[in-house]
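Here the structure is laid out as C-alpha cells; the discussion comes afterwards.
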Amino acid sequence: MTSINTTKDETVIDRITTINVFPEISILGGSDHFDTSIKLIKQEREVYLYEFSMQADTAISPEKITLKWRIPSINIKGTWTSASLHDKRLQYDWELVHLQSRVSVDAPVVSVFGHDDDNVITFACSDAINKMEMNALLREEDNHLYCHLSFFTERHPAITNYKAQIRVDKRKVSFAKSLQEVSDWWATFELLKPSPVPALARAPLYSTWYNFHQDLETNTLIEECKLAREIGYELIILDDGWQTMDDNRGYDYCGDWQPERIPEMRKFVDDLHAIDMKVGLWFSVPFCGVKSKAYQQFKGKFLTENHRWAPVFDPRYPEVREYLINTYKNALVSYNLDAFKLDFIDDFMAYPETVLTKEDGRDYANVNEAVDRLMSDVMSTLREIKSDIAIEFRQKYIGPTMRKFGNMFRAFDCPNDPVSNRIRITDVKLLCGNTAVHSDMITWHDDESVEVAALQVLNAFWGVPQMSILLENAKEEHSNMLYFYTQYWRQCAKTLMDGKFTPYNPLANYPILKSELNGHTIIGLFDDMIIETDLAKRTDILNAKPSNKIVIRNTGKAGKFEVRAWNCQGTTSNTIVQELPKGLLEFAIPKAGLVKIRRL
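Okay, structure coming up:
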C-alpha cells in the first residue's frame, strides 16, 4: 500500500514509511507484477526531469502506485492547482482531498508558492490522459511538505508497460512563470500539440444562455445581434434550447440534435451572417437523453445509464464516435456554422458499471484514450472542412490534452459573480499558452448601478469577453459602459492576450493583474492596494473597485507625464500634464474607471 492508505470505511495515514528528501523520490505501492523505476534524465539549474517506468511480463491491471518526496516547509504560503479556485491555502496530510486530473478534467500540475508569490516547488506530469492524483501536503510532526503523484487511482485496463515524465521546478521565479513554462513543456509532446487558434476564438462573444436560457426566438436574436455587433461583439453562441421545444432545462432530448425550435436553421444563420455576425451552436457531447431516438439506437453502448442527467455515450465504440463526429460535421456543413460549444466532456469517465475491456465491439478498453481519439477525430474532421473553426470548452476540461481539440477555454459558470470570474480566468490563463481564454458570460440585474455593472466587465477583462444581457432593454448608461469598455478591450486585446501576464497574490484572489507588451502596460486593480510599477512609457490602470482613488509606487524615474481619466461610461476628465516623482503617487479616479498615464 502507499503512504496514504484509504479503504471504503476508514482512512489511515502512514507516518512510519520513510519518505526521501528531494531530489530523491520514493516509489510506494503498486503490484509485485511490475518492475518500477524512476530516474533523473535531465537537470538544468533547478528544473529536474524524471522518467517513471513500469514493466510486466504479462498484461495485468495496474494497482495504485505513488511517487513521493518531501521538502522543508520554508517560506510556504499556499498551493495552486487548476481546481483550487478560491481555496489556494496550504493543505495538510490528514485532509486527503487531492487534485484529480485526466484527459477531460483539470491539469496534472501542482505549484507551491511563497509569501513573495515566488515558486517554491512546481511539479507536473506528462500523462495528461489517464487519471492521476497529486498534492503537496504539510505534515505537522516535522514541518515538511510531502509532495506526491499517484498513478492508476481508478480502475485501469490491463497493460504490460507504462512510462511518464515528471518535471519538478524549484527555481525562485514567479509561480506564474513556473506554471507558464509547464504549459510550454507539455506542448513539446507530440500527443499534446495544441490546436491553432483562429482569429474568431479571440473575438468578443454574445451568449444566449443567461439571457434567454432555452427560450430562443429568431427575430429577437437577430435584433440583439445587430446591437451586439455595434458594440463590438462578433460571434453568437446559441446555447441549449435550439434543438428542442422542451424547456425544463434537462437533457432528456439530447442526442438527436435536430433544430426543433429553429427549424429553418440555415436561413437563420444566413441572416446572422448578413449582419456580419458569426454563429456557433451548443452540443452536450456525452449525453443521450432517454426520450431521443439515439437512445434506442445506441442502447447498450453507454458508459452509464445512471447519470443524474442522461445516459452517457461510450466512445470506445467506433459507431458511437462516428455518430458524434457526423453530428457535428453535418451541422457545420448544413448550417454553415463558424463555431461550436462542446459541453460536458468531463462526464466521459469510467463509472462503477463500466467494463474496462476491449471486446463486444469496443476497440478501446481505456475510456480516457477513447475520449482522446473521439475529440481528435472531431477536431480534424471539422478543421478539414473549415480550418478556422472555433471550438469552446469550459473549465474544468481545460488541461493540456484539451488544447489539442479546442481553441477557446471558458471560465466555469459564475453568473453575476465578478470575483469568481476573475479568479477562474486567471487560473485558466496560467496554463493555456496561446489558447484563447474566455470569461464566463457577463450578466447583471437590470436595476444594477452602472459602476457595479462595470465591475462585472472589468473583472472579466483578462479573458475574451462573453456577454449575456438583453441589449434591447439595457439602460442607456449600461449600453454606454459596455460600448466604452468593449472598444477599449478590442484596442488593447493584443497586450491583454499576448503580453507578459503577471497575477499577484493568488491567496487573496489576484487583487492585481498586469499585462505588458511593447512598452504598453495594463494593470487591473481590484482592491485598495498599492500598485508597484515602472511608469516607463504607457501605463493604463483599470480602477476595478468601488472606491475613487488609486495609489501607485513609481519604481521608475521621475519625469513629466500626461494623466487622463475616464469614468465607466467613457466620459473623460480634463487632461493633466505634471511632474511625477519616483515613489508614492495618489490619483483620484472614478470608481470602475480608467486612467492612462503617458511619459512625455
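Positions 0 to 599 (numbering that gives the first Met the number 0) are the ones given, in order, by the sequence shown.
From the three backbone atoms N, C-alpha and C, an ideal C-beta is built for every residue, glycine too.
Only a predicted model underlies this, so the values are computations on that prediction, with no experimental measurement involved.
Check	Outcome
Endpoints, the alpha helix (DSSP H) within which residue 453 is located	449 to 458
Assumed close pair residue 408, residue 397 - CB separation to whole angstroms, cut-off 8 Å	4 Å
Residues bridged to residue 134 [DSSP beta-bridge criterion]	147
Residue 226 versus residue 591: straight-line alpha-carbon distance, rounded	23 Å
Residues of its chain near residue 375, where Cβ-Cβ distance is below 8 Å and the 5 sequence neighbours each way are ignored	403 and 404
Boundaries of the alpha helix (DSSP H) in which residue 270 is found, first to last residue	264 to 273
DSSP bridge partner residues for residue 65 (one or two, in chain order)	27 and 149
Touch test, the segment 121 to 141 against the segment 351 to 369, Cβ-Cβ under 8 Å, three pairs minimum	yes
Proximity to residue 38 [Cα-Cα], best of 21, 552 and 504	21
Cβ neighbours of residue 102 in the same chain (closer than 6 Å, five flanking residues each side left out)	128, 367, 370, 371 and 400
According to DSSP, residues forming a beta bridge with residue 567	In DSSP, residue 567 forms no bridge with anything.
Three-pair Cβ contact test at 8 Å for the segment 186 to 200 versus the segment 74 to 81	no
Beta carbon of residue 134 nearer than 8 Å to that of residue 97	yes
Of the residues 115, 166 and 202, the one placed nearest residue 45, counting alpha carbons only	166
Beta-bridge partners of residue 206, as assigned by DSSP	236
Segment limits, beta strand (DSSP E) that includes residue 329	Element bounds for residue 329: not the beta strand (DSSP E) but the alpha helix (DSSP H), 317 to 334.
Neighbourhood of residue 569 by C-beta distance below 7 Å, restricted to the same chain and skipping five residues each side	479 and 483
Anticipated Cβ contact below 8 Å, residue 268 with residue 327, distance rounded	Not confirmed; about 15 Å, so no contact.
Exposed unless 16 or more other CB atoms sit within 10 angstroms - verdict on residue 160	exposed
Alpha-carbon to alpha-carbon, residue 120 and residue 111	5 Å
Selected residue, minimal CA-CA separation from residue 415, among 441, 109 and 211	441
DSSP three-state assignment for residue 36, whether helix, strand or coil	strand
Of the listed residues 462, 24 and 259, nearest to residue 216 (C-alpha basis)	259
Beta-ladder partner(s) of residue 284, from DSSP	According to DSSP, which records beta bridges pairwise, residue 284 is partnered with nothing at all.
Alpha-carbon spacing of residue 582 relative to residue 136, whole angstroms	40 Å
Proximity below 8 Å, CB of residue 33 to CB of residue 163	no
DSSP three-state assignment for residue 584, whether helix, strand or coil	strand
C-alpha gap between residue 357 and residue 99, whole angstroms	25 Å
Contact under 8 Å by Cβ, residue 505 with residue 87	yes
Spatial distance of residue 671 from residue 386 (CA atoms)	Outside the displayed range of the chain (0 to 599) lies residue 671, so it cannot be described from this structure.
Residues near residue 469 by beta carbon distance below 6 Å, same chain, minus five either side	210
Span separating the alpha-carbon of residue 474 from that of residue 525	25 Å
For residue 301: DSSP bridge partner residues	312
Identity of the residues DSSP links to residue 552 by a beta bridge	531 and 583
Buried/exposed call for residue 439, threshold 16 Cβ in 10 Å	buried
DSSP three-state assignment for residue 477, whether helix, strand or coil	helix
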